[in-house]
Structures are given as C-alpha cells and as structure tokens.
Amino acid sequence: MKRFLLFLLCSCVGAFSSHVYSQQNMKLSILKTKNISGFPSGSGIAYVGGKYYAIGDDSPFLYVIDENFKIIEQISLLEVKADDFKGNRIKKKRKTDFETLEAISSSELVTFGSGSKSPQRDIFVQIHLGASPKITSFNLTSFYEEIKKLPLLTHSELNIEATAYLNGQLYLFNRANNVIIRFDYQQFLKFLSGGVFPTLEAVKVTLPVIEGYEAGFSGAAKWNDSQLIFTASVEETDDAYNDGEIIGSLVGVLNIADFSAVKVERYSLIPNSNQKTLKVESVTLPATSAMRCDNSVIFITDDDNGNTELIKARLRF
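Numbering (mature numbering (1 follows the signal peptide of the UniProt record, and there is no 0)), first residue to last: -22 to -1, 1 to 295.
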C-alpha cells in the first residue's frame, strides 16, 4: 500500500534586490571562473575521487572534468539518433532533460530527468563508476505519476531540478513550487525492481524573492549531516517547460534536521560574471567535509544558449 507523509512549511526568509548583494549571515567570494568548451547546457555536477562529474540537460553524456576544469572524458548515458540533435544539443522536444546529478558513494552516481514532459523526461539513470562504467536506465512514469498526487503538487507542474543524498535518503527538489520530496534510496531501488512503492515525504519551502519573483530550486548537495546547500534562480516565466529571461541566482543552506520544519538558515546572492546574468544550475563541494576547511563550492551555470561555465567560490559565515 502506498503511504504518503505530508508536511507543509512556509519559512519565508525575506526579499532582496538583485542590484544589492545582500545576504543573511553569509558572504560569497568568487575565486575562479571558466567556460567549458564543447559542453552544452550544464545542469548538474558532483565531485568524486578528485574529479568533477557533470551533465547537461540537452546532452547524452556524463562529462568527467579535472581539477583545472578541463574535460578529460565523456561517458555516454543514452543512445540518441543523429536526427534528434541540433548541433551538439538534443532538440528540446526530444531531450531527457537531465537536471540532477548526485553521488551516492565513491563509485555510484544518479541522475533524474525533470519529468516536465512525459514520457521523454521520465527517466532515472544509475551510474556505477569504474574502468568500464555501468549505466542502467529506468522509466519513472509511474513513480512521477504518484509524486504528482501528493497534495503539495496537485496544483503544480512537475519539474525536478535537483537531487541530494543524505543518511540513506534521497531528496528531490521540484522547482515549480519549491517542494522537496524525500524517500529511502534502497526502498526506491527495490521499487524499480518490482518492489513496494517507497514512502514519500514532502515539504514546501518559501525562498527569497528577486525583482518580484520567488527564486526556484536549481541545485543541491550535502553540506553536513543536518544541512543541505542549495542553489536557486529566477526566470521570468511561470512555465516549467519553457525557459524565461534570467534574472539572478542565489546560494543558501537548508536545515533539514527536522523535515517537518525545514528552514533556510542563510543565503547570499551570487554576483554576475562578466556583465552576464548568471543562471546557476547546481552546486557541489570539492572535497569531503573533513577536508573542507575553506568552505569552497563549485557552481555550474547555463545561459540557456548552450554555454556552460564552472565557478569556484568561497562561502563565509
């Protein structure tokens, strides 16, 4: 029997202007930026074993990137027909829309399609790293249909933009109304193999406002055992399928120790790069918590024109 646990949270953290780099108990310094040639539409990033792994929402590849932000390998996640490409990008109507990438362990990554167009974007890919990476894909249409039945999502579009893994739990971040869905990862894998549907928990979070628009989740990663770091951005659109004008992006920390009372503890606007308004798609940490003495993070950005930029920044609280 399907079980749904539902929590509702509206933890408003205030509003700020995109022209003033205000923050709440957080400061951000940009250390390095680099455009990644040949990598379209960056959308997800994870750090494993001294390498960055990254995906694009209209690319069939997992990109392996070294510490100098240079692509050293491409791993094919999908078979795509030549007719489905426009240049090096999969056509919008055909793309699987990979928006998330998360490390489960030092040898396992996962990515989810956004679910914003069915069935093309109803996909989960499990990646086992090694000398010959093993790629396993699953159709998520039935899983996403159940998620859509959650009370917090019945009047909203599905658009999964981020994934985080913490203490055996997977967290999916729906951009359209800033709902976080949590479930046990092993239960989820058993369901994909014909087992019982996993128990779902859901919570809604209110994010800061930029120029009259509430920011929407775009990325997330583990910060420590009770907190997640997240990115959010603002586009001038109410449509989960079509992109809008990019207005700005921010980074923040969520306290999830009590999932019934998730709250934004601190945040900062991310300054624009080279006079360009940044659309930050996700974030990762370049080392384990024990080694992360300087609180450095890596952002991946997408300008909606097929260009990807990596940014190294330092957070100070």
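Even for Gly, the Cβ is constructed at its ideal location relative to N, Cα and C.
Counting pairs of Cβ atoms below 8 Å between the region 109 to 121 and the region 76 to 84, do you hit three or more?
At 8 Å Cβ cutoff, the stretches do not touch.
Only counting the same chain, and skipping five residues up and downstream in sequence, which positions put a Cβ closer than 8 Å to that of residue 204?
Cβ-Cβ distances below 8 Å link residue 204 to 233, 234 and 235 in the same chain, with the five nearest sequence neighbours on each side left out; the list follows chain order.
CB contact flag (residue 301, residue 183, <7 Å)
The structure shown does not extend to residue 301, since the chain is modelled only from -22 to 295, so the question has no answer here.
How is residue 60 classed by DSSP in three states: helix, strand or coil?
DSSP places residue 60 in the helix class (H, G or I) of the three-state scheme.
By how many angstroms is the C-alpha of residue 124 removed from the C-alpha of residue 131?
It is roughly 10 Å from the alpha-carbon of residue 131 to the alpha-carbon of residue 124.
Who are residue 210's beta bridge partners in DSSP?
For residue 210, which the question treats as bridged, DSSP gives the partners 195 and 228.
Cα separation between residue 290 and residue 56?
Using only the alpha carbons, I get a separation of about 29 Å.
According to DSSP, is residue 291 helix, strand or coil?
In the three-state scheme derived from DSSP, where H, G and I count as helix and E and B as strand, residue 291 is classed as strand.
Run of the alpha helix (DSSP H) containing residue 118, from where it starts to where it stops
Following the DSSP letters along the chain, one finds residue 118 in no alpha helix (DSSP H), marked with neither H nor E.
Tell whether a beta-carbon distance below 7 Å holds between residue 15 and residue 35.
Note that the C-beta distance between residue 15 and residue 35 is not below 7 Å.
Return helix, strand or coil for residue 238, following the three-state DSSP convention.
Residue 238 falls in the helix class under three-state DSSP.
Excluding the 5 residues preceding and the 5 following residue 22 in the sequence, name in chain order all residues of the same chain whose CB lies nearer than 6 Å to its CB.
Here the set comprises 33, 78, 79 and 260.
Considering only their Cβ atoms, is the gap separating residue 262 from residue 41 smaller than 7 Å?
Going by C-beta atoms, residue 41 is not nearer than 7 Å to residue 262.
Residues in the same chain with beta-carbon distance under 8 Å from residue 70, minus the five sequence neighbours each way, listed in chain order, please.
36.
Does residue 238 pass the burial test, meaning 16 or more other C-beta atoms within 10 Å, or should it be called exposed?
Exposed is the call here.
If the criterion is Cβ atoms closer than 7 Å, does the pair residue 163 and residue 146 meet it?
Contact flag set, yes.
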